[in-house]
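J.: Next up is a structure, given as structure tokens.
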Amino acid sequence: MTEKHYLIQEDTAQKKIDLEVMKPVQGPLAVDVTKLYRDQGILTYDPGFMSTASCESSITYIDGEAGVLEYRGYPIEQLAKQADYLEVAYLLLYGELPNRSQLLEFDHIITHHTMLNENLKDFFGGFHYDAHPMAIMVGVVGSLSAFYHDSLDINNPRHREISAHRLIAKMPTIAAASYKHNISEPIVYPDNDLSYCANLLQMMFATPCEQYQPNPLAVEAINLLFILHADHEQNASTSTVRLAGSSQANPFACIAAGIASLWGPAHGGANEAVLNMLTEIGDLSNIDKYIAKAKDKKDPFRLMGFGHRVYKYYDPRANILREMCTKVLNELADSNNPMFELALKLEEIALKDEYFLQRKLYPNVDFYSGIIYRALNIPNNMFTVMFAIARTVGWVSHWLEMMSDPLQRIGRPRQIYMGSPRRDFVPLDERS
Ligand code: SDX
Numbered sequence: 028m029t030e031k032h033y034l035i036q037e038d039t040a041q042k043k044i045d046l047e048v049m050k051p052v053q054g055p056l057a058v059d060v061t062k063l064y065r066d067q068g069i070l071t072y073d074p075g076f077m078s079t080a081s082c083e084s085s086i087t088y089i090d091g092e093a094g095v096l097e098y099r100g101y102p103i104e105q106l107a108k109q110a111d112y113l114e115v116a117y118l119l120l121y122g123e124l125p126n127r128s129q130l131l132e133f134d135h136i137i138t139h140h141t142m143l144n145e146n147l148k149d150f151f152g153g154f155h156y157d158a159h160p161m162a163i164m165v166g167v168v169g170s171l172s173a174f175y176h177d178s179l180d181i182n183n184p185r186h187r188e189i190s191a192h193r194l195i196a197k198m199p200t201i202a203a204a205s206y207k208h209n210i211s212e213p214i215v216y217p218d219n220d221l222s223y224c225a226n227l228l229q230m231m232f233a234t235p236c237e238q239y240q241p242n243p244l245a246v247e248a249i250n251l252l253f254i255l256h257a258d259h260e261q262n263a264s265t266s267t268v269r270l271a272g273s274s275q276a277n278p279f280a281c282i283a284a285g286i287a288s289l290w291g292p293a294h295g296g297a298n299e300a301v302l303n304m305l306t307e308i309g310d311l312s313n314i315d316k317y318i319a320k321a322k323d324k325k326d327p328f329r330l331m332g333f334g335h336r337v338y339k340y341y342d343p344r345a346n347i348l349r350e351m352c353t354k355v356l357n358e359l360a361d362s363n364n365p366m367f368e369l370a371l372k373l374e375e376i377a378l379k380d381e382y383f384l385q386r387k388l389y390p391n392v393d394f395y396s397g398i399i400y401r402a403l404n405i406p407n408n409m410f411t412v413m414f415a416i417a418r419t420v421g422w423v424s425h426w427l428e429m430m431s432d433p434l435q436r437i438g439r440p441r442q443i444y445m446g447s448p449r450r451d452f453v454p455l456d457e458r459s
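The letter at position 197 of the sequence shown is residue 224 when you use this note's numbering, and the numbering goes up by one with no holes.
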């Protein structure tokens, strides 16, 4: 470590380096270090990207201190209250809210891309019956490039747009087929007469034996959950999609990489982990024990659904979801839902505890989403799949933004090498 400090003292103490400061439309200033290594031979060091802006983007804005989330400038609270998911998808993709004819055309396009190539059906059968649906999603979405050769020229803007439409449209169909495989029921085809969210419920819960009518409140809840999960600037999975796309990989491979990254319990896998945690806590009498575990540095247990890299106050999405939780549980589940009671009590106790307050650990979007999904009879292992469906439009919007940038280049971070200095090979019989 001393050597490291010596290097910094010697070089930078005698050198004044002029760096440009970038001023965004809103949000923190940024120091442009693009040419720092080329001109000064110095790297910046920022594992976990705590202080790094990886790109310029116009899609989503977050102010973590103020608990602000805006899609193309529109506050999430207004979109949550007034918009339909496909309307928000259009906004994220094209930058403006659609007028009536644009929305009707977009809805028609997405609806007519929901079917899968019939040969893909056999793919699901190759998975073990109890394969995690996220494992199936990663595999099947990655395989889509084997079926859609007609739109893989990533330098052709029309091909990029068709691939984006196909991904948004087919994610619910693939997700529902993954679920049907898990419960050994036949795959249900999309119904073009249903809305995007109603169609997903139909493909998950209909059977060939009887008509299925999606519950309107369940459709409203899914629509809200999908709007809230649609995008979130440069989170881990979106950054994964951008990095994969920067090598000019095809969009289906990039989204498969995003799904893989989202699966982690520190990221989108947290919603499933929250329900598993609440089940493990069991009842109110155990809350103090688990709060203590979460604070114990020797214990790997964390309060799932709490904390966020950017939000240092309430995640605005959690506030909106808490309200929907109450509505869904009152109307669709036994309202004295023990999971929800436990979640509310856990939140109340944690937010009086200095450990959480000092570290600004508040409930995030994953804290309540799983409780709503459970109330809609969606199993725990499908929660992150639901997140992936919703986030696909965010992923493809960032991919399109990056691919249409003429200055786009491959992402290739450097490192601080801390390994062995140069040494010569030792023949086997001379090694101790
Ligand atoms: C999502 O980035 C996005 O935008 C993601 C997302 C999106 O829409 O794409 O918002 C979706 O991923 C939400 C986050 C879901 N994950 C979880 O709920 C998992 C539990 N939360 C954590 O693992 C954690 O809070 C993270 C991963 C969310 C954030 O991690 P950071 O920013 O790297 O923070 P950290 O791990 O450095 O924690 C800072 C301190 C540490 O303590 P000290 O070392 O300072 O003593 O807070 C502690 C941590 O130990 N801490 C927790 C905690 N989260 C952080 N302690 C107990 N329980 C927790 N949940």
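Yeah, the Cβ is synthetic: ideal placement off N, Cα and C, and Gly gets one too.
What does a CB cutoff of less than 8 Å around residue 32 pick up in its chain, not counting 5 residues either side in sequence?
T.: Translated into the one-based positions of the sequence shown, residue 32 becomes position 5. Model confidence at residue 32 stands at a pLDDT of 36, short of 50, so the residue's coordinates are unreliable; what they give is reported in the following sentence. Shown here for residue 32: not one same chain residue has a beta carbon closer than 8 Å to its own, the five before and five after excluded.
J.: DSSP state of residue 117, grouped into three classes?
T.: Working through the sequence shown from its first residue, we reach residue 117 at position 90. Correct three-state label for residue 117: helix.
J.: Leaving aside the five residues before and after residue 190 along the sequence, list all residues of the same chain whose C-beta is less than 6 Å from its C-beta, in chain order.
T.: By one-based count along the sequence shown, residue 190 stands at place 163. Around residue 190: 178, 278.
J.: Could you give the distance in angstroms between the alpha-carbon of residue 375 and the alpha-carbon of residue 334?
T.: Mapped onto the sequence shown, residue 375 falls at position 348. Mapped onto the sequence shown, residue 334 falls at position 307. Near 15 Å, if we compare the C-alpha coordinates of residue 334 and residue 375.
J.: Kindly provide the ranges of any alpha helix (DSSP H) runs that are 4 or more residues long and lie completely inside the stretch 359 to 415, ordered along the chain.
T.: 365 to 377, 381 to 385, 392 to 402, all fully within the stretch 359 to 415.
J.: What are the boundary residues of the alpha helix (DSSP H) that includes residue 318?
T.: As a first step, residue 318 is located in the sequence shown; it is residue number 291 there, counting from the start. Segment 314 to 322, the alpha helix (DSSP H) holding residue 318.
J.: Could you tell me whether any non-hydrogen atom of the ligand SDX is closer than 7 Å to the CB of residue 349?
T.: Working through the sequence shown from its first residue, we reach residue 349 at position 322. The answer is no for residue 349.
J.: Tell me the rounded alpha-carbon separation between residue 113 and residue 230.
T.: What you label residue 113 is simply residue 86 of the sequence shown in a count that begins at 1. What you label residue 230 is simply residue 203 of the sequence shown in a count that begins at 1. Note on geometry: alpha-carbon atoms of residue 113 and residue 230 lie some 18 Å from one another.
J.: Got a sec? Which residues, its chain only, sit under 7 Å from residue 232 by beta carbon, not counting five neighbours each side?
T.: Here residue 232 is taken as the residue at index 205 of the sequence shown, counted from 1. Take residue 232, set aside five residues on each side of it, and the residues of its chain with a beta-carbon closer than 7 Å to its own are 239, in chain order.
J.: Pull the bridge partners of residue 106 from the DSSP assignment, please.
T.: Numbered from 1 along the sequence shown, position 79 holds the residue referred to as residue 106. According to DSSP, residue 106 bridges with nothing at all.
J.: Could you round the C-beta distance between residue 82 and residue 430 to whole angstroms and report it? I think they count as a contact, below 8 Å.
T.: For the purposes of this step, residue 82 is taken as residue 55 along the sequence shown, with counting starting at 1. For the purposes of this step, residue 430 is taken as residue 403 along the sequence shown, with counting starting at 1. Rounded, the Cβ-Cβ distance is 12 Å, inconsistent with contact.
J.: Quick check on DSSP: helix, strand or coil for residue 201?
T.: As a working mapping, residue 201 is identified with position 174 in the sequence shown. Residue 201 falls in the helix class under three-state DSSP.
J.: Based on the DSSP output, what are the partners of residue 57 in its beta bridges?
T.: Taking the sequence shown and counting its residues from 1, the one referred to as residue 57 is at position 30. Per DSSP, 49.
J.: Mapping DSSP to helix, strand and coil, what is residue 88?
T.: The residue given as residue 88 occupies position 61 in the sequence shown. The answer is strand: DSSP assigns residue 88 an E or B state.
J.: Out of 416, 439, 425, 456, state which residue places its alpha-carbon closest to the alpha-carbon of residue 194.
T.: In the sequence shown, residue 194 corresponds to position 167, counting from 1. Looking at the Cα atoms, 416 is the closest of the given residues.
J.: Which complete alpha helix (DSSP H) runs does the stretch 153 to 177 hold, if anything under 4 residues is left out?
T.: 160 to 170
J.: Just verifying my parser: in three-state terms, what is the DSSP assignment at residue 151?
T.: Against the sequence shown, residue 151 aligns to sequence position 124. Reduced to three states, the DSSP call for residue 151 is helix.
J.: For residue 111, which residues from the same chain have a beta carbon less than 7 Å from its beta carbon, with the 5 sequence-adjacent residues on both sides left out?
T.: By 1-based counting over the sequence shown, the position of residue 111 is 84. Around residue 111: 250.
J.: Indicate, with yes or no, if the ligand SDX has a heavy atom lying under 7 Å from the CB of residue 293.
T.: Walking along the sequence shown from the start, residue 293 turns up at place 266. Result yes, Cβ under 7 Å from the ligand SDX.
J.: Suppose contacts are defined by Cβ-Cβ distances below 8 Å. Is residue 390 in contact with residue 96 by that definition?
T.: By 1-based counting over the sequence shown, the position of residue 390 is 363. By 1-based counting over the sequence shown, the position of residue 96 is 69. No.
J.: On the three-state DSSP scale, how would you describe residue 97?
T.: Here residue 97 refers to the residue found at position 70 of the sequence shown. The answer is strand: DSSP assigns residue 97 an E or B state.
J.: So the candidates are 312, 329, 289, 397; which of them puts its Cα closest to the Cα of residue 164?
T.: By one-based count along the sequence shown, residue 164 stands at place 137. Nearest C-alpha to residue 164: 289.
J.: Quick test of your reading: residue 299 and residue 397, contact by CB under 8 Å. State the CB separation rounded to the nearest angstrom.
T.: Locating residue 299 in the sequence shown gives position 272, where the first residue counts as 1. Locating residue 397 in the sequence shown gives position 370, where the first residue counts as 1. Rounded, the Cβ-Cβ distance is 7 Å, consistent with contact.
J.: Could you work out which residue in 45, 454, 244 is closest to residue 356 when comparing CA atoms only?
T.: Numbered from 1 along the sequence shown, position 329 holds the residue referred to as residue 356. Nearest of 45, 454, 244 to residue 356, Cα basis: 244.
J.: Grab me the residues of residue 341's own chain with a C-beta within less than 6 Å of its C-beta, minus the 5 sequence neighbours each way, in chain order.
T.: Locating residue 341 in the sequence shown gives position 314, counting from the first residue. If we look at residue 341 and ignore the five residues flanking it on each side, its Cβ neighbours are 94, 389.
J.: Taking only beta-carbon positions, decide if residue 58 is within less than 8 Å of chain D.
T.: Chain labels in this structure do not include chain D; a single protein chain is all it has.
J.: Answer yes or no: do residue 285 and residue 264 have a C-beta to C-beta separation smaller than 8 Å?
T.: Residue 285 sits at position 258 when you count from the first residue of the sequence shown. Residue 264 sits at position 237 when you count from the first residue of the sequence shown. Their beta carbons are under 8 Å apart, which means residue 285 touches residue 264 by this criterion.
J.: Is residue 237 helix, strand or coil when you go by DSSP?
T.: Residue 237 sits at position 210 when you count from the first residue of the sequence shown. Looking at residue 237 - three-state DSSP - the assignment turns out to be strand.
J.: Look up residue 29 in the DSSP assignment and say whether it is helix, strand or coil.
T.: Here the question's residue 29 lines up with position 2 in the sequence shown. Per-residue confidence for residue 29 stands at a pLDDT of 34, beneath the threshold of 50, marking its modelled position as unreliable; no derived number is given.
J.: For residue 333, list the residues DSSP reports as bridge partners.
T.: Taking the first residue of the sequence shown as position 1, residue 333 is located at position 306. DSSP output for residue 333 lists 390 as bridge partner(s).
J.: So is the beta-carbon of residue 257 under 7 Å away from any non-hydrogen atom of the ligand SDX?
T.: The residue labelled residue 257 in the question sits at position 230 within the sequence shown. No.
J.: Could you tell me if the beta carbon of residue 208 falls within a distance shorter than 7 Å of some heavy atom in the ligand FAD?
T.: Only the ligand SDX can be found as ligands here, which leaves the ligand FAD out of the picture.
J.: Report all residues from its chain with a CB closer than 8 Å to the CB of residue 378; omit the five preceding and five following residues, and keep chain order.
T.: The residue you call residue 378 lines up with position 351 of the sequence shown. Only 384, 389 meet the Cβ criterion.
J.: From 354, 336, 185, 451, pick the residue whose C-alpha is nearest to that of residue 92; which is it?
T.: Here residue 92 corresponds to residue number 65 of the sequence shown, with the count starting at 1. Closest by alpha carbon: 336.
J.: Compare the beta carbon distance of residue 51 and residue 141 with 8 Å and say whether it is the shorter of the two.
T.: Reading the sequence shown from its first residue, position 24 is the one you call residue 51. Reading the sequence shown from its first residue, position 114 is the one you call residue 141. No, these two residues do not count as a Cβ contact at 8 Å.
J.: Could you give the distance in angstroms between the alpha-carbon of residue 473 and the alpha-carbon of residue 452?
T.: Residue 473 is absent from the model: the chain starts at 28 and stops at 459.
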